[in-house]
Amino acid sequence: SELELRRAAKKALGFETQKSIKRLKELQQSSPTPPTKSSTKKLNAATRNLSLVKAVSVDLLASVSLRRLGVKHTGVGNDPLTNLPPDSDAEGVKKIVERCIGNNTFKKVMDELNVKIAE
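Read in order, the letters of the sequence shown are residues 1 to 119 in the numbering used here.
What follows is the structure, given as structure tokens:
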């Protein structure tokens, strides 16, 4: 059901958030003083990644998943991933959504729903 999918989406997003925070903390702790160009670049990338993960909502992830399962027809031009706000990093958000959908727990729920839909 849609509720199961939302729960799995929330777990997958939580996992991605934890992973991003852990990576950022590791980089902050191992960062040399004074910071090098390379360490600053890695820290900036990790910070950006965390902000992208936070930009992805459970609703967006659920909408994309339901559309892919063929349950929710949002119509041509109404793909949730193409209708992101203009100030957002659309490519970055898409990568995060793909990583969440690739999460094993989330994938399992998607596969179960796909079987139910096919019946």
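Beta carbons are placed, not taken as given, at the ideal position from N, Cα and C, and that holds for glycine. Everything numeric in this text was worked out from a predicted model, so none of it was measured.
query: Mapping DSSP to helix, strand and coil, what is residue 56?; result: coil
query: For residue 14, report the span of its alpha helix (DSSP H) as first-last.; result: 2-30
query: Taking a contact to mean a Cβ-Cβ separation below 8 Å, would you say residue 96 touches residue 58 in this structure?; result: no
query: Can you give me the Cβ contacts of residue 18 inside the same chain, cut-off strictly under 6 Å, excluding the 5 residues immediately before and after it?; result: none
query: Shortest alpha-carbon distance to residue 25 belongs to which of 13, 12, 39 and 34?; result: 39
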